[in-house]
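Here the protein sequences line up with chains A and B, keeping their order.
At position 466 of the first sequence the residue is numbered 466 (the numbering used here), and the sequence of numbers has no breaks.
At position 248 of the second sequence the residue is numbered 248 (the numbering used here), and the sequence of numbers has no breaks.
C-beta: ideal position from N, C-alpha, C; glycine also.
Quick caveat: nothing in here was measured; it's all calculated off a predicted structure.
To start, the structure itself, in structure tokens.
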Amino acid sequence: MLNITYPLALWLGLSLIPILLFYFLRKRFRRQPVSSVYLWSRLQNVMSGGSHLRWRTILLLLLQIIIAIAVVFAVAKPVWISRQLSKPGVVFLLDVSASMGAQDVTQTTEFRSRLIQARSIIAQQIEEQPDLTPVMVFLCSSGIQPLGSPTGDHRKLINSLMTVDVSDAGFNEAEVVNQLQAWLLTHKRVWQGVLVTDGGLSLSGTKLGNLFDGNLKTVIVGANGNNLGVTALRLLPEEKAQFIIRNGWPDEQLAKVVLEHNERIIARATLRVPTGLSNQTLSFHGPVRPGVYQIRLDQAADNFAGDDQYFLAVNQPRPVKILLVGNGNSFLRAVLNNPGVSLSMMPSFPAADFTGEGWDLIIADQVMIPNRLSSNILAFGCVPEEPAVRFGKPINGQLMKVDSTHPLLRFVDLNHVQISGGYALHVQPGVQILAKVNNQPVIAAWEKDGWHNVVFGTDLIHSDLGLSGAFPVFMGNLLQQCVPQWNNPLIYTLTVGETVVLAEPPTWQVINPKEININRRGPSLFIKPLNAGVFSWGQGMLRGVLTANIPPSELDIAPRPLHLSKNSMPPAAEYSFARISFEHTGLYLLLFCLCLEWVLWRGLPVGKR
Amino acid sequence: MDKKLLNARDYELITQLSLLAKRRMTGLVSGEQNSPARGGGIEFADYREYQPGDDIRRVDWSVFLRLRRLLVKLCAEEKELTLLMLLDTSRSMRFGTPDKLWLGKRIAAILAGIALNDGNRTGLLTFGKQLHELLPPERGRVSLAAIVSAIERIEPVEHMNPMACIRQFASRYGRKCMAVLISDFLYPEWNQVLTGLAVSGCESYAIQILAPEELEPVNMGEVTLVDMEGMGEIGLHIDYPMIKQYRKIMDDYLKDISRICRRERLGYSLITTDAPLAKVLHSELKKGGLLC
Chain A
1 MLNITYPLAL
11 WLGLSLIPIL
21 LFYFLRKRFR
31 RQPVSSVYLW
41 SRLQNVMSGG
51 SHLRWRTILL
61 LLLQIIIAIA
71 VVFAVAKPVW
81 ISRQLSKPGV
91 VFLLDVSASM
101 GAQDVTQTTE
111 FRSRLIQARS
121 IIAQQIEEQP
131 DLTPVMVFLC
141 SSGIQPLGSP
151 TGDHRKLINS
161 LMTVDVSDAG
171 FNEAEVVNQL
181 QAWLLTHKRV
191 WQGVLVTDGG
201 LSLSGTKLGN
211 LFDGNLKTVI
221 VGANGNNLGV
231 TALRLLPEEK
241 AQFIIRNGWP
251 DEQLAKVVLE
261 HNERIIARAT
271 LRVPTGLSNQ
281 TLSFHGPVRP
291 GVYQIRLDQA
301 ADNFAGDDQY
311 FLAVNQPRPV
321 KILLVGNGNS
331 FLRAVLNNPG
341 VSLSMMPSFP
351 AADFTGEGWD
361 LIIADQVMIP
371 NRLSSNILAF
381 GCVPEEPAVR
391 FGKPINGQLM
401 KVDSTHPLLR
411 FVDLNHVQIS
421 GGYALHVQPG
431 VQILAKVNNQ
441 PVIAAWEKDG
451 WHNVVFGTDL
461 IHSDLGLSGA
471 FPVFMGNLLQ
481 QCVPQWNNPL
491 IYTLTVGETV
501 VLAEPPTWQV
511 INPKEININR
521 RGPSLFIKPL
531 NAGVFSWGQG
541 MLRGVLTANI
551 PPSELDIAPR
561 PLHLSKNSMP
571 PAAEYSFARI
581 SFEHTGLYLL
591 LFCLCLEWVL
601 WRGLPVGKR
Chain B
1 MDKKLLNARD
11 YELITQLSLL
21 AKRRMTGLVS
31 GEQNSPARGG
41 GIEFADYREY
51 QPGDDIRRVD
61 WSVFLRLRRL
71 LVKLCAEEKE
81 LTLLMLLDTS
91 RSMRFGTPDK
101 LWLGKRIAAI
111 LAGIALNDGN
121 RTGLLTFGKQ
131 LHELLPPERG
141 RVSLAAIVSA
151 IERIEPVEHM
161 NPMACIRQFA
171 SRYGRKCMAV
181 LISDFLYPEW
191 NQVLTGLAVS
201 GCESYAIQIL
211 APEELEPVNM
221 GEVTLVDMEG
231 MGEIGLHIDY
241 PMIKQYRKIM
251 DDYLKDISRI
261 CRRERLGYSL
271 ITTDAPLAKV
281 LHSELKKGGL
291 LC
């Protein structure tokens, strides 16, 4: 079916009338006097003569008509749309989250894992597909991992499928849907989805079902949720360890738990565990020391070993290194009077080549700030030498908080704080305004090369900021933003498949980084473990540990159906629309005909005599 | 045409150049050209036996001492040259910018001036239906103005019969003179004309004048070519391949003219209307052996 994008352009077809009129009415063969036709007559004998001329002019007329039609095509942009029946491709989504390692599926006399059952189901369904039907398999956990590319070679795909193993991550449905959506957009055809899972999807399969718009078939594997698992180990001040045990059995169970520090047993107990989640505590002797604390279930009588242990990383507290440049004041010192803060002071910035490297935060109080500092900056009554922010006219009045979700304003109410002296800020696009006075910005924040910059148009002497209850919270937010691990000792205890951000210097590195993804952006490290385990890090002479555990959601291995809005069987075939655009065809035809006309009229150029 | 045929620079050229005759001239009056007559010149020509009445001063005594024979030294006697210019005045000579006839007239006037300047005789003949003797051969510098004036009055003729003209020329002048034929040779009888000029017996030189547009046509597309001499019309679609073909025909035609001239021992020069006249005289005609 031919569809015209701009039908009005068809009126250009009327240009054929003047072309034809011009062709029939034009005065041909202008008279050109020559001294003698003696040589030209010899030439005429050589050339083909009158019939040659006639055919040439007819051909030129045809070309002009085609050119007019090509112009109409190029402007009207016709599109040919054809509807055709096509066999849809099949996308198999194999859940490889940690719970798929549970060995609760019976086969004759022995148990095997849910993953093996899922692989067999997919292999069987692939074999049932007609030959050359495009089939694709994705391994799904914290994201998707394609198993090759869409192929009609089913045997090869099944062979690859049999080598797949479980991961320690959970099924992050949002991430899986995002990545799958991108893939489907780049592979334009109708795809049916087949999801083989034990049901432990983070969003209960709602988004995944919507993605396939009813063409998603789900197969649930797994026998039961009979399982004991341990997670969320915490150390309490009173020489106690607290943790959570999940009992998936239908009745109360006895669990033997062992607490270890650096693989040395420091406590052991047998606990009565009720059905479901229960908080448990275990006493041990001695202070909390840096290293790896591990709680594990000893001789757990279940079919899933992945959740029988949990690692907790304990490191030396990392103080926030702050440099206060300027006079400072009692308000600032009071706010920064924290055992987790290491504060240094100096009246002005030292030498011109001072880079600020090694400081987590530099606070400048009414001093000149040198350019290109490699640090987070908090400035009172002064601005860094860069075009992002500069001072405007003097202001005074009451602060008005702006409607912003900036993390620095979390739990911070700056309204009605009195400013008795200061300057408005002129800010460039990209700079976020945090507060205003008389509708003029006075507090602004922006990020540059990963470093945070916060500027106050006033200082703590000429304002009531230091007296307000919001100021310590604001500073806490700032320190949390600059050093995420500050006040959070659990940040070194990671979850497989989840990314955490740490502020560590460039010398900080993981010693055995094989099972861990690390990306650095400015001062921030983005760390994502791929498998559960214990990792070591080093920074100069300093050593520490990182641990990774399976997500707590994976402790619940009870198979459960998905709540899909449409859970229909995939159709056997689907209509697809082939769209062929002639938008450029007209242009190419036009160019080709113009070139041909030129050649026909003048011939191919020859060199000078 | 309002322009003067010769300007001051052309008169300078007349004084700078001389005609170069290859054969010895025959004439009644002594001039600056060699003649077949042996006599009182200074250039040695031959010996002959002494005869009574010969000037005793012409006996070569050194030969007598060696051979014991009285031989008289003969010298070539310098006779005057009769230069005849044959100018094609057909309508095809009106073609070009400036037209070919204008250039031909200027060349003829300058050659006549050179001849007169050397003390020779010169005459002007034009080709038309019949050979028209515009100026009979004259001598003396005083007649240059008359020649120029006569040349300026030349107009193209309606019809031309080159064969008849060349026959008339051969019958009237024969071996007695030096002839310079100025034409575009764009007529089918050019071959017979050159041969006729050669067999007339006079020392001959052919100057072919063509317009640049004739050597390299620039008109493209559909044109009707109209012959200026009324020889018909041709409708053509001129494109690059046709121009390439025309070039080949033109090259063959020019090579044929050059070959015929060489065979008939005629001097030949091809001149285009856009070439400066001083360059034509100093370069082309000197190279062709007409001037020195």
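Chain-order list of chain B residues neighbouring A/Arg28: Glu222, by C-beta distance under 7 Å. A/Ile362 has its alpha-carbon roughly 11 Å from the corresponding atom of A/Phe380.
Going by DSSP, B/Asn191 is part of the alpha helix (DSSP H) stretching over 190–199. Residues Pro290, Gly291, Val292, Ala313, Val314, Asn315, Tyr492, Val534, Phe535, Ser536, Trp537 of the same chain have their beta carbon placed closer than 8 Å to that of A/Val545, with the five preceding and five following residues left out of the count. Within 10 angstroms of the beta-carbon of A/Thr197 lie 16 or more other beta-carbons, which makes it buried.
If you check each beta-carbon in the stretch 5–39 of chain A against every beta-carbon of chain B, the ones closer than 9 Å belong to Arg28, Phe29, Arg30, Arg31, Gln32, Pro33, Val34, Ser35, Ser36, Val37, Tyr38, Leu39. Look at A/Leu43: its C-beta is under 7 Å from a C-beta on chain B. Membership of A/Val500 in the beta strand (DSSP E) is indicated by the continuous run 500–503. A/Asn172 sits away from A/Ser204, with the two beta carbons spaced by 7 Å or more. In this structure, DSSP gives A/Gln485 a state outside helix and strand, which the three-state scheme calls coil.
Between B/Leu103 and B/Ile209, the gap from beta carbon to beta carbon is short of 7 Å.
Interface criterion not met: the Cβ of A/Arg54 is under 7 Å from no Cβ in chain B.
DSSP, reduced to helix, strand and coil, places A/Cys140 within a strand of the structure shown. When Cβ-Cβ separations below 7 Å define contact, B/Gln245 makes contact with chain A.
Taking a C-beta cut-off of 8 Å against chain A, the contacting residues of the stretch 226–240 of chain B are Val226, Asp227, Met228, Glu229, Met231, Gly232, Glu233, Ile234, Gly235, Leu236, His237, Asp239, Tyr240, listed in chain order.
Uninterrupted beta strand (DSSP E) stretches at least 3 residues long and entirely within the stretch 189–219 of chain A occur at 191–197, given in chain order.
With at least 16 other beta carbons inside 10 angstroms of its own, B/Phe185 counts as buried. When DSSP states are grouped into helix, strand and coil, A/Trp80 belongs to the strand group. By the Cβ-count criterion, B/Pro137 is buried, with 16 or more other Cβ atoms from all chains shown falling within 10 Å of its own Cβ.
Nearest to A/Asn396 by C-alpha distance, out of A/Arg372, A/Gln418, A/Val402, is A/Gln418. Taking 8 Å as the cut-off between beta carbons, the residues of the stretch 183–198 of chain B near chain A are Asp184, Leu186, Tyr187, Pro188, in sequence order. At a cut-off of 7 Å between C-beta atoms, B/Ser92 counts as an interface residue with respect to chain A. Taken through DSSP and simplified to helix, strand or coil, B/Asp251 comes out as helix. The residue among A/Ile17, A/Val37, A/Ser113, A/Arg114 with its C-alpha nearest the C-alpha of A/Ile69 is A/Ile17. One alpha carbon belongs to A/Leu590, the other to A/Leu20, and they sit about 18 Å apart. Residue pairing by DSSP places A/Gly358 opposite no residue, since no beta bridge is assigned to it.
In terms of Cβ geometry, B/Ala112 and B/Thr122 form a close pair [threshold 7 Å]. Contact with chain B is absent for A/Arg83, since none of that chain's Cβ atoms lies less than 7 Å from the residue's Cβ.
For B/Gly267, the CB contacts under 6 Å within the same chain, skipping 5 residues up- and downstream, are Tyr205, Gly288, Gly289, Leu290 in chain order. Using a Cβ-Cβ cut-off of 7 Å, B/Ile209 does not count as an interface residue toward chain A, since no Cβ of chain A sits closer than that to its own. When the Cα atoms are used, A/Pro250 and A/Thr547 turn out to be separated by approximately 32 Å. B/Gly235 has its alpha-carbon roughly 10 Å from the corresponding atom of A/Arg28. Look at A/His584 here: in three-state DSSP terms it is helix. At the C-beta level, A/Arg372 and A/His426 stay beyond 7 Å of one another. Taking 7 Å as the cut-off, the beta carbon of A/Ile245 is found closer than this to the beta carbon of A/Ala255. In the three-state reduction of the DSSP assignment, B/Val223 falls in the strand class.
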